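Report on the structure given below.
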Amino acid sequence: MQLILEKRAQASAIMNVASPVLAILLTVILGGIIFAAMGQPPLKALYIYFIDPLTNMWSIEEVLVKAAPLILIGIGLAVTFRANVWNIGAEGQLTAGALLGAMIPIFFAEWQSPLALLAMFALGMIGGAALAAIPALLKIRFGVNEILTSLMLVYIAQLLLDWLVRGPWKDPHGYNFPKSVAFDGWHLVPMFGDGRVHLGLFIALALAVVLFWMMNRTIKGFEIKVIGRAPRAGAFAGFSKTGTVWFCFLLSGALAGLAGIIEVAGPIGQLQPRISPSYGFTAIIVAFLGRLNPIGVIFAGLLLAISYIGGEGVQIELGVSDKTAQVFQGMLLFFILMCDTLIHYRVRFLGAKGAV
Amino acid sequence: MSNPQHASEPGKYLLEVRSLSKLFGDFCANDQINLAIEAGKIHALLGENGAGKSTLVKMIYGALQPTSGDIIWQANTIKVDNPAAARELGIGMVFQHFSLFEALTVTENISLALPPQLRGGDLSQRIAELSSNYGLPLNPDALVADLSVGERQRIEIVRCLLQEPRLLIMDEPTAVLTPQEADALFGTLNRLTSEGCAVLYISHRLEEVKQLCHDATILRHGEVVARVDPQAETAATLAQHMVGSSVHEIKRQDGHDTGNNLLQLINLNQPADTPFGVDLLDVNLQVRSGEIVAIAGVAGNGQGELFSAISGETTNADFDAVIIDDVACGQLSINGRRQLSAAFVPEERNGHGAVADCPLTDNILLSRHAVRDQGEALHKGWLGIDHQHLDNINTRIAKAYDVRSATMDAEAGSLSGGNLQKFVVGRELDRQPRVLVINQPTWGVDAGAAALIRQALIDLSRQGSAILVISQDLDEIFELADRVAVISRGQLSEVYAAQDLSREQIGLLMSGAHEKPAHATSS
Numbered sequence: 063m064q065l066i067l068e069k070r071a072q073a074s075a076i077m078n079v080a081s082p083v084l085a086i087l088l089t090v091i092l093g094g095i096i097f098a099a100m101g102q103p104p105l106k107a108l109y110i111y112f113i114d115p116l117t118n119m120w121s122i123e124e125v126l127v128k129a130a131p132l133i134l135i136g137i138g139l140a141v142t143f144r145a146n147v148w149n150i151g152a153e154g155q156l157t158a159g160a161l162l163g164a165m166i167p168i169f170f171a172e173w174q175s176p177l178a179l180l181a182m183f184a185l186g187m188i189g190g191a192a193l194a195a196i197p198a199l200l201k202i203r204f205g206v207n208e209i210l211t212s213l214m215l216v217y218i219a220q221l222l223l224d225w226l227v228r229g230p231w232k233d234p235h236g237y238n239f240p241k242s243v244a245f246d247g248w249h250l251v252p253m254f255g256d257g258r259v260h261l262g263l264f265i266a267l268a269l270a271v272v273l274f275w276m277m278n279r280t281i282k283g284f285e286i287k288v289i290g291r292a293p294r295a296g297a298f299a300g301f302s303k304t305g306t307v308w309f310c311f312l313l314s315g316a317l318a319g320l321a322g323i324i325e326v327a328g329p330i331g332q333l334q335p336r337i338s339p340s341y342g343f344t345a346i347i348v349a350f351l352g353r354l355n356p357i358g359v360i361f362a363g364l365l366l367a368i369s370y371i372g373g374e375g376v377q378i379e380l381g382v383s384d385k386t387a388q389v390f391q392g393m394l395l396f397f398i399l400m401c402d403t404l405i406h407y408r409v410r411f412l413g414a415k416g417a418v
Numbered sequence: 087m088s089n090p091q092h093a094s095e096p097g098k099y100l101l102e103v104r105s106l107s108k109l110f111g112d113f114c115a116n117d118q119i120n121l122a123i124e125a126g127k128i129h130a131l132l133g134e135n136g137a138g139k140s141t142l143v144k145m146i147y148g149a150l151q152p153t154s155g156d157i158i159w160q161a162n163t164i165k166v167d168n169p170a171a172a173r174e175l176g177i178g179m180v181f182q183h184f185s186l187f188e189a190l191t192v193t194e195n196i197s198l199a200l201p202p203q204l205r206g207g208d209l210s211q212r213i214a215e216l217s218s219n220y221g222l223p224l225n226p227d228a229l230v231a232d233l234s235v236g237e238r239q240r241i242e243i244v245r246c247l248l249q250e251p252r253l254l255i256m257d258e259p260t261a262v263l264t265p266q267e268a269d270a271l272f273g274t275l276n277r278l279t280s281e282g283c284a285v286l287y288i289s290h291r292l293e294e295v296k297q298l299c300h301d302a303t304i305l306r307h308g309e310v311v312a313r314v315d316p317q318a319e320t321a322a323t324l325a326q327h328m329v330g331s332s333v334h335e336i337k338r339q340d341g342h343d344t345g346n347n348l349l350q351l352i353n354l355n356q357p358a359d360t361p362f363g364v365d366l367l368d369v370n371l372q373v374r375s376g377e378i379v380a381i382a383g384v385a386g387n388g389q390g391e392l393f394s395a396i397s398g399e400t401t402n403a404d405f406d407a408v409i410i411d412d413v414a415c416g417q418l419s420i421n422g423r424r425q426l427s428a429a430f431v432p433e434e435r436n437g438h439g440a441v442a443d444c445p446l447t448d449n450i451l452l453s454r455h456a457v458r459d460q461g462e463a464l465h466k467g468w469l470g471i472d473h474q475h476l477d478n479i480n481t482r483i484a485k486a487y488d489v490r491s492a493t494m495d496a497e498a499g500s501l502s503g504g505n506l507q508k509f510v511v512g513r514e515l516d517r518q519p520r521v522l523v524i525n526q527p528t529w530g531v532d533a534g535a536a537a538l539i540r541q542a543l544i545d546l547s548r549q550g551s552a553i554l555v556i557s558q559d560l561d562e563i564f565e566l567a568d569r570v571a572v573i574s575r576g577q578l579s580e581v582y583a584a585q586d587l588s589r590e591q592i593g594l595l596m597s598g599a600h601e602k603p604a605h606a607t608s609s
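Protein sequence lines, in the order shown, are assigned to chains A and B.
Each residue of the first sequence is one higher than the one before, starting from 63 at the first, in this note's numbering.
Each residue of the second sequence is one higher than the one before, starting from 87 at the first, in this note's numbering.
See the structure below:
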């Protein structure tokens, strides 16, 4: 008996939707097996991981807090990946945005006005876009692979942040902790209710709708999709390949930068050496799980946010490693890319009893 | 051309194929094919694009595995696992598209493709001997990049011959050759068959099949519809077998009026943008209102580069190099030129003229988003794309140009080659452009679609548009063109009235008779 992959005549619309569901299912099954191998009761562990975070108000709010940056970055990456442009460095752009935006509370602490918050957002976007412009320029000017350059810049941005908060930007009254001054007043993102849900979530949702409209209803979205799928047809349409590379890097960089400044001016409230549990990398999974569709990214962002909270949950309750969340996220990306094969191919068993 | 040394071999046929079928999913590419090839004979495999010829030979050559049926080689049923196994048996194949490394020499390319035991000794020496024996002049030390397409094909043939094949499969070998080069190839093939080698010759050029082949098997829609003696048939009866019905005849009246120059190329010089592209040198051309000018030439002589230069996919520093309707537009983008009422149809449908996995309406937007239709823009910024309007245009094109698809707004890739070409051409003709530039208008489409497209081009020109057709198909050129020029290595010949030009003259021009010596380029 032989197992073969056979190309479908047309891409399967059903598998396009079923693939993420199947991937989640496979992740849960393999996750259960891994918990069992670690000597934990698999069903209980899976319950704590996936269901428990949704059973009380506090953890639901935490899920929303974590979903905000994932969605903000994920929608930018969804657009970018559609153009066949591979910005893998959102984590670095998030850091750069946080750094530039934080200059206002650090150097202009006296400037208390709603405009100060807007200026922080703007600087955050500029910071992210500026860092993203480097791989874009290298790709366009010298043909350098953007996957490598954007990824390597992540470590540069993180080390820069590390140096600043331990050195020049350290809070002089902070007992030598590696932290900046605590932001306050209009330098903090407004929170809602008594929880920690902040304005960033609503910005993310609104921008997801805007980008959904752009991708599906405007010529710009059409341009991005055509350049990604058939660059020569893009040239025939008069669309610019380099223009699209710039647009995608600047857009996804700006959104990652915005996510960064919102994190430090929101849930964290100051600069510190580590400002993100790898939101920029997890957002890559979010973009694919959301089918590179900005609305799909909202749901995928919520799911991945649950995986963070669930990961903390199993760590606390079962004492497993805090790396669990990363294992689950890795499995999920692996399975979704695997299941996506089935959109264009079908599996056939040769030799035994015909097709399955 | 008898071959007594093989007449006594057991088994009448060198290769037999019995009830061979190949399914791709639900699609039956080959349905119960029977084929029998005798040693020392040239056997034609005829059929339109999509008839299943390539699938069949790929199974014989081991590149595809049949779903059912038998392949019998010298009276033994065999299984051809891969092309290497086929070569081991003595089956060689010359593909339509060559896979050669341009930066390597002839010998290096051949060496890479040979099994290790054949690489030894003085390969250059063997190549030189073999190529001169078979009338395939080839310099073993030449760089492939410097060779013409005809010479590149010789490399592939010599590579096959080094392995002493019993059966040589040739996939549309003359598609890339000048008439003179084709004649030389026929000489080689006759020489081979006289030594007992069999040739399976795939083509849809009926005249050459009549001239060359001893047997013909004709495929249509994946089935064998006839096995005939091509010498006993006429081109018209062969065509009927291939198409299944008699072909629509094109109506044209000659002696019509022509008007102003709507498209002018003045000393168009354009260096190639890739190392192995073709530089355009001093191209001059005028196309008047009401006429069709055709550019003949062997593939890869700068047709693609010329198309991009006229369409604006590549812009030119010299404003006056391209003049559309009296506007100098060397620096204008493709959309700027479209706004001057010019329209363009590239050679490649999939991935250039259309995006395969986008619906037809999106593909209308592709080439028409920058021009208004009936005074209306097709998209309005953030207000979005006017899908209703695109649907209307799509319906219009489908009706006027007989585009058949499973659903009204199917993905472009799901249309057959002929229907997609009708769509891609119809999309531009629907605008009633004043200037149309079309590269290979009927490349790889069935005869019915080709006739419809050619008729539509003639009709448009008679309404006063200027049309430039770039084509490798001489039949098509004589059917359409009022005037003809020939391109060779990026240089364009003078333009001749079509009725004053014979096929032989075009053949001479194709091989570069009009080219200037390389050092004498003016600026």
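No residue lacks a Cβ here, since even glycine has one placed at the ideal position from N, Cα and C.
These numbers come from a predicted model, not from an experiment.
Per DSSP, cross-strand counterpart(s) of residue i
i       : result
N436(B) : A440(B)
V369(B) : L354(B)
G178(B) : L254(B)
P77(B)  : Nothing about residue 77(B) can be read from this structure; chain B reaches only from 87 to 609.
S81(A)  : Looking at the DSSP assignment, S81(A) forms no beta bridge with any residue, so it has no partner.
Nonlocal neighbours in the same chain, by C-beta distance under 7 Å from residue i, ignoring five residues either side
i       : result
A321(B) : L292, E293 and K296
M77(A)  : L404 and I405
H605(B) : Residue placement at H605(B) is flagged as unreliable, the pLDDT there being 43, under the threshold of 50; a coordinate-derived value is accordingly withheld.
D402(A) : S81
S427(B) : D411, P519, R520 and V521
CB-CB length for residue i against residue j, believed under 8 Å
i       : j       : result
V673(B) : G503(B) : Residue 673(B) lies beyond the stretch modelled for chain B, which goes from 87 to 609, so this question has no answer here.
L554(B) : V379(B) : 5 Å
N116(B) : G308(B) : 5 Å
S314(A) : A152(A) : 6 Å
L156(A) : G342(A) : 5 Å
A619(B) : A567(B) : Within the shown structure, residues of chain B are numbered from 87 to 609, placing residue 619(B) beyond reach of any answer.
L106(B) : T303(B) : Going by Cβ atoms, the distance from L106(B) to T303(B) rounds to 12 Å, so no, they are not a contact pair.
E497(B) : P445(B) : 6 Å
I419(A) : T306(A) : Because chain A here runs from 63 to 418, residue 419(A) falls outside it and cannot be looked at.
I289(A) : A145(A) : 5 Å
A191(A) : G319(A) : 6 Å
Endpoints, the beta strand (DSSP E) within which residue i is located
i       : result
K296(B) : Note, K296(B): premise wrong, no beta strand (DSSP E); alpha helix (DSSP H) at L292 to L298.
F110(B) : L101 to F110
Q591(B) : Counting along the chain, Q591(B) falls outside any beta strand (DSSP E), though it belongs to the alpha helix (DSSP H) covering R589 to M596.
Cut-off 6 Å between Cβ atoms - residues of its own chain near residue i, not counting five sequence neighbours on either side
i       : result
F274(A) : P356 and I357
Q372(B) : N347 and Q350
G328(A) : V251, H260 and G262
D257(B) : F181, Q182 and I288
K232(A) : none
M179(B) : Y147 and I255
E102(B) : A122 and I158
I360(A) : I133 and A270
Element boundaries [alpha helix (DSSP H), containing residue i]
i       : result
R203(A) : P176 to F204
G273(B) : P265 to S280
V572(B) : Where V572(B) is concerned, there is no enclosing alpha helix (DSSP H), although the beta strand (DSSP E) it sits in stretches over R569 to S574.
G586(B) : Looking at the sequence provided, one finds Asp at residue 586(B) rather than Gly. It is not in any alpha helix (DSSP H) - D586(B) carries neither H nor E in the DSSP assignment.
Close beta carbons around residue i, own chain, < 8 Å, minus the five adjacent residues each side
i       : result
E374(A) : D384 and A387
M87(B)  : Here M87(B) scores only 38 on pLDDT, less than 50, and its place in the model is too uncertain to base an answer on.
T274(B) : Y220, G221, L222 and I243
Any beta strand (DSSP E) of 3 or more consecutive residues that is wholly inside the segment 376-432 of chain B
378-382, 408-410 and 428-431
Start-end ranges of the alpha helix (DSSP H) lying completely within the segment 460-545 of chain B, minimum 4 residues:
473-487 and 503-515
Continuous beta strand (DSSP E) assignments of at least 3 residues falling wholly in the segment 372-413 of chain A:
407-412
Which runs of the alpha helix (DSSP H) fall wholly inside the segment 209-235 of chain B and span at least 4 residues, in chain order?
209-219
Residue ranges of each alpha helix (DSSP H) run of no fewer than 4 residues wholly in the segment 240-327 of chain A, ordered along the chain?
261-279, 281-291, 293-298 and 303-325
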